[in-house]
Every structure is written in structure tokens, then in C-alpha cells.
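K.L.:
Residue numbers (the working numbering): 130 to 672. Sharing a structure here in C-alpha cells format.
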Amino acid sequence: EMHVEWSANEKVSYEVALGAAMGGARSIAVMKDVGLGWILDPLLSSTMLGVAGLVIVVADDPGAETTQVEEDNRWLARFAEVPALEPATVQDAKEMVAYAFGLSEELRKPVLVRITVRLGYSRGMVRLGPIAHARRRRPAAFKKGVIDGWTGYPTLSWPESGTALLHKRYHGEAAAPYLPLMGPRPNEAAVLEAVEACPFHTVEAGAGRALCVITAGLVGREVREALAGAGWTDVTLASLGVSSPIPRGLVGRLLREHDTVLVVEETEPVVEEQVRVLATELEGAARVLGKRTGHIPYCGEITSEILGPRLAAVLGRPHPFQPRQEALEASITFLRERVPFRLGGQFCAGCPEIAPTAVLRKVLDDLPGHGIACGDSGCGFIAQYEPINLADAFICMGAGLGVAQGLARSGLGGKVAAVMGDSTFFHSGIVELINAVYNRANVLLLILDNKATAETGQQPHPGAFGITATKARTKELALEDLVRACQADSLTVVDAWDAKALEAAYREAMAVEGVSVVIARGTCALIVERQRKEQKLKQATAR
């Protein structure tokens, strides 16, 4: 028996998973890189409570090809003091999630599994093995003791904060009289011991001691390819299954057995920093190279083409990759000279968001003032590029309306527009709208209602067709009802295809002093086409 849901946002998804784990069920919350920032409050508040069977999967994006920031969430894992696993293959990805559940139950802490976008898009043969049919439930315990229980604010406040005592216990600093009061809680020594025993660490020993390359995640494949291409069999390759905290015993041995250790990882030097600290604690440890020394780039995906010449430089050997590198650079130069430079993506043919965004840009340009519009995540994001050039600012999901309120307060004069999709409104925009109404901001909010989370998967949301992630029927929340409940000063719902009605609605909304909302409604063209094909198939089957 399994429950699966598309949550309204990442914070809610983690809290639902957390509650399920507290109730004794295994649970998992899955999100992209920027989503982890949304869950920090409940994550940090729950890491010391002793919750078990809780896994977080986060997909980072080296090179920031599909998101607005190139962040490395392993830093946040260290910040939250939760283990971070990194699969190196698609088989690892499957195995590690199962392992992470057991590890979370053993350590009584959430466990993070970090993948990168290239692994997310990878294909490969995966061996599933036997299915364990046993129900892995734990008894739910709701104790009302002094410190024992599911509360981030333990009732003990004197002579020490109960929350501080839980943190002390984790690091082995809690006084003995308090330990019986705390029940089963996580502790750092157990985490380090489990990390050392992780079965996903691999070491491919080279024939010499000159160089050991330490990697984590998918980039290990690129190192292996670069070494094989050069025929360098004397280099040791160590791939860590856990990148935070690192297995200190294993890494310490590698530091003692080699002259140089090169750390290769995407994106930030998370493993490298830990290796450097460990090297300072050991006598005769290898010199440590990586991002901090300029040997490995910070940004973007790391490929074998990038690694080849860098490995040659570290080893002081001839550069066998030169012809391949020169051919690659020649191809890039050829394309730059012949292919016109173009920003961003483009709308799908028949997209219902083209007219609303283009007409809004026209109206803003016609009116006196700066004609500022703030963009947001979603398909409407594409309108910031040519030929529409709508958005003057874009920060992150849900920020458009908040930024618009600040701009309206900055003395620029005139009403400031914000544009967001229906999914974004349910994710975080509704709070921005409440703030705008409460603080009497002079803003226009355009909600592009295409009945889907169209840009990132076509999944339903609370306002799309009344279906859940498992296709069960549920209530469909009407955007206009929520806007009315927030008491916006004006609201207009317009057909997204009617350019004249859109222009009239915008001009009327811009004339209102206060919060104006326009909902441009038109179902995503991809959904319409899919529905048309499904209907055609039903008709053919019925004959």
C-alpha cells in the first residue's frame, strides 16, 4: 500500500513525508535543487528529533541549465547535519534509495540522496532483484516526556534548553543525567561509523602512488573515461558513495598512501574541503588539489574532455587529448561564426500564454511611467526573451509579485506588473497576494492559467481538472475564488486567446489604485492535443 502525491510546494511535501515517518511509515520527498531551500525550516527543526525512515532526493543542476541558480545542496546537507549520498550510476540511484531508508532507520535521521541533472536524464540497465514484501512499519510513539517526543521545542528550559541538549547529545556532549530523558536520538559517532561502512565506496587501485583521484557521484565515470583514454593505469580512482560526511578512515588511508590527491566533484568543493581538513590532521599526508587550487573548474558539468588536459597537467605528462580538444574548440568556433546568437527558449506552437504576455507588454509600453513587469517561474518565463521582452526582473519561483511590491514602493511611480503561472500561484504566489492586499500595494498580477504545471512535467495541481497524482478524483480549486477570498481590489477573468479583451482588462486594471488581478485562462496546447488524441482513440475503440 502506497500513497503518492504532488504537493503544493516542497515545504509541504517534506512536512507530509515527515509526518508519515513519525507515524511509522517509510516516506520520501523528491525535489529539484532550489526546492531544498524551501524545506530548510522543517528540515533543520527535525534532524535531532530521532525521526526514522525519511529520505530526501534532490536533483542539483551543474551549469544551471534548467534552473536560476547553480547551487550545491551538499552544503545544505552539511548545514543540517544529515548524511548526503551520491549515486554514480543509474543502478546506484536505485540501490541507494533503498539503502537510504535503512540508513535513516539506523541513524534516526533524515538522509539526503543527491543526484545531478545528467544522472536524471541517464538511461541504463537496472537489475531490480527480489521484492521484499514485508511491511516495514515502525510503531508510532507519541510520548509526552520532558525531552522525549516529536517537538522541536522540548519542554525542558532550565537549566538548559531541551533543543540545545538534543544537539549536545548528537555531538556526545550531553551530561549523563539527561540521557535517559531523551529516548532514541541520533548521534554523530553512529553517523560516522555508518558512513565508513557504506557499501557504495569503491577504490580502483592504480599501479603507482603518484596520484589518487577522489570523486563523488556521476563525475567518477568521466574520470574513469579520461584515464582509460590516456592509458594511465597507475592512477588510483576512489569514488565515495557518501560525500558528506566523508569516510575519514578510507580517505585518511588514501592520503597516506599517495603523493597527491586530486578531488573531482560537481559543483562546490564540498568533499575537497573535508579532505583538506583531514589532511591537516595527518602526518605525511598527500598534497590536496582541486577547485581551491584551480585544477578543477567550479562551474558547469565536468566531462572527460575537461578532465583530460587537467589530469595531464597534474601528472606532468604529455597531453594526449590535444587533437580531441582542438577538434572540439574548432567545432565551437564554427558554430559561433555561423549560428545567430539567440537568448532563451520559445513558446510551444499554440501556447495560450503568448497573447496574454505580448499584449501586456504592449499596454505597459503605451502607459506613462516605467512600464515594469516582474516575471516568475513557468512557461511565461519565456516571455522575457525576444520578441516579447516582457520581464524586467526575474528572481525565483513565487518572487515576482513580492519584488513587484517592493518596486512599487521604491518611488518609481505607477503600477508595477507581476506575471506568474497557475501552478506558481498555488506553490507560493497566494502568500504574496495576501501580503499585497494587506499592505495596500499598487500592483497588477497576471495569472496565466493553463491548467498544468506545464514547463516541468505536465503534472496536475490543485486547480487543474480535479485529479491527483494517482488520477483519483478530487476537488478543483478555482483561482478566482481564492483571489476573491484574498480581497483583491479588482479581478477579471479573460480568455487567453482574446487579445482585445486582454488589452481592455489590462488597461482597466492598471487604472485601479491597489491590487488588480487578471486571470488569462487557456488550457496548455500539449494537454489539448493529448485530450484530442485520447478522445479520438476512445471513439475508434467504441466503433
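Every residue gets a Cβ at the ideal spot worked out from N, C-alpha and C, and that includes glycine. Note that this is a predicted model, so its numbers are computed, not measured.
Whose CA, out of E200, A359, G595 and D388, lies closest to the CA of A415?
P.N.:
The residue you call residue 415 lines up with position 286 of the sequence shown. Ranking E200, A359, G595 and D388 by Cα distance to A415 puts D388 first.
K.L.:
Quick test of your reading: S381 and L411, contact by CB under 8 Å. State the CB separation rounded to the nearest angstrom.
P.N.:
Position 252 of the sequence shown, counting from 1, holds the residue named residue 381. Position 282 of the sequence shown, counting from 1, holds the residue named residue 411. It is worth fixing the name first, because residue 381 is Gly in this sequence and not Ser. The pair is a contact, with the Cβ atoms about 6 Å apart (cut-off 8 Å).
K.L.:
L666 and L575 - do their beta-carbons sit closer together than 8 Å?
P.N.:
As a first step, residue 575 must be located in the sequence shown, where it is residue number 446. As a first step, residue 666 must be located in the sequence shown, where it is residue number 537. Contact flag unset, no.
K.L.:
Compute the distance between the beta-carbons of V492 and R636, then report whether it is under 8 Å.
P.N.:
Position 363 of the sequence shown, counted from the start, is the residue given in the question as residue 492. Position 507 of the sequence shown, counted from the start, is the residue given in the question as residue 636. Their beta carbons are under 8 Å apart, which means V492 touches R636 by this criterion.
K.L.:
Count the other CB atoms within 10 Å of the CB of I260; is the residue buried (16 or more) or exposed (fewer)?
P.N.:
For this step, residue 260 is matched to residue 131 along the sequence shown. Under this definition I260 is an exposed residue.
K.L.:
Going by beta carbon distance, what residues of the same chain come within less than 7 Å of T553, once the five residues before and after it are set aside?
P.N.:
Here residue 553 is taken as the residue at index 424 of the sequence shown, counted from 1. Closer than 7 Å at the Cβ level, and outside the excluded window around T553, lie D505, S506, G507, M526 and G527.
K.L.:
Counting pairs of Cβ atoms below 8 Å between the segment 583-603 and the segment 618-629, do you hit three or more?
P.N.:
no
K.L.:
When you compare the CB positions of V443 and V393, do they come within less than 8 Å of one another, or not?
P.N.:
Here residue 443 corresponds to residue number 314 of the sequence shown, with the count starting at 1. Here residue 393 corresponds to residue number 264 of the sequence shown, with the count starting at 1. Contact: no.
K.L.:
Three Cβ pairs or more, each shorter than 8 Å: is that satisfied between the segment 521-541 and the segment 597-612?
P.N.:
The segment 521-541 makes no contact with the segment 597-612, as fewer than three CB pairs between them are under 8 Å.
K.L.:
Which one of I483, G249, L165 and A227 has the shortest CA to CA distance from Q513?
P.N.:
Taking the sequence shown and counting its residues from 1, one reaches residue 513 at position 384. Nearest C-alpha to Q513 among I483, G249, L165 and A227: I483.
K.L.:
Apart from the five residues just before and just after G643, which ones in its own chain have a Cβ nearer than 7 Å to its Cβ?
P.N.:
Walking along the sequence shown from the start, residue 643 turns up at place 514. Excluding residues within five positions, the ones whose Cβ falls inside 7 Å are R569, N571 and D618.
K.L.:
Grouping DSSP H, G and I as helix and E and B as strand, with all else coil, what is T292?
P.N.:
The count along the sequence shown starts at 1 and reaches residue 292 at position 163. Correct three-state label for T292: helix.
K.L.:
Count Cβ pairs between the segment 242-256 and the segment 323-338 that sit closer than 8 Å; are there 3 or more?
P.N.:
no
K.L.:
Can you give the Cα-Cα distance for S557 and E139, rounded to whole angstroms?
P.N.:
Here residue 557 is taken as the residue at index 428 of the sequence shown, counted from 1. Here residue 139 is taken as the residue at index 10 of the sequence shown, counted from 1. Computed Cα separation, rounded: 10 Å.
K.L.:
Helix or strand or just coil, what does DSSP make of T331?
P.N.:
Locating residue 331 in the sequence shown gives position 202, counting from the first residue. In the structure shown, T331 sits in a strand (DSSP, three-state: E or B).
K.L.:
Is the segment 363-380 close to the segment 427-435, with three or more CB pairs under 8 Å?
P.N.:
no
K.L.:
Determine contact between the segment 171-191 and the segment 152-160, defined as no fewer than three beta-carbon pairs at a distance below 8 Å.
P.N.:
yes
K.L.:
G498: which of R659, S460 and A546 sits nearest, CA to CA?
P.N.:
Position 369 of the sequence shown, counted from the start, is the residue given in the question as residue 498. Of the candidates R659, S460 and A546, the one whose C-alpha sits nearest the C-alpha of G498 is A546.
K.L.:
Can you give me the Cβ contacts of W135 inside the same chain, cut-off strictly under 6 Å, excluding the 5 residues immediately before and after it?
P.N.:
Mapped onto the sequence shown, residue 135 falls at position 6. Within the same chain, and ignoring the five residues on either side of W135 in sequence, the residues whose Cβ sits closer than 6 Å to its Cβ are Q588 and A598.
K.L.:
In chain order, which beta strand (DSSP E) runs of at least 3 residues are fully inside the segment 526-579?
P.N.:
545-550 and 572-578
K.L.:
For a minimum of 4 consecutive residues, which ranges assigned as the alpha helix (DSSP H) are wholly contained in the segment 218-244?
P.N.:
Counting whole runs of 4 or more residues, the segment 218-244 contains the alpha helix (DSSP H) stretches 219-236.
K.L.:
If we call anything under 8 Å between Cβ atoms a contact, is S368 one with T344?
P.N.:
As a first step, residue 368 is located in the sequence shown; it is residue number 239 there, counting from the start. As a first step, residue 344 is located in the sequence shown; it is residue number 215 there, counting from the start. It is a contact, given that the beta carbons lie within the stated cut-off.
K.L.:
Would a check of beta-carbon distances place G527 closer than 8 Å to chain D?
P.N.:
The structure shown has no chain D; it contains just one protein chain.
K.L.:
Go ahead and label V371 buried or exposed: buried means 16 or more other beta carbons lie within 10 angstroms of its beta carbon, across all protein chains shown.
P.N.:
By one-based count along the sequence shown, residue 371 stands at place 242. Result: buried.
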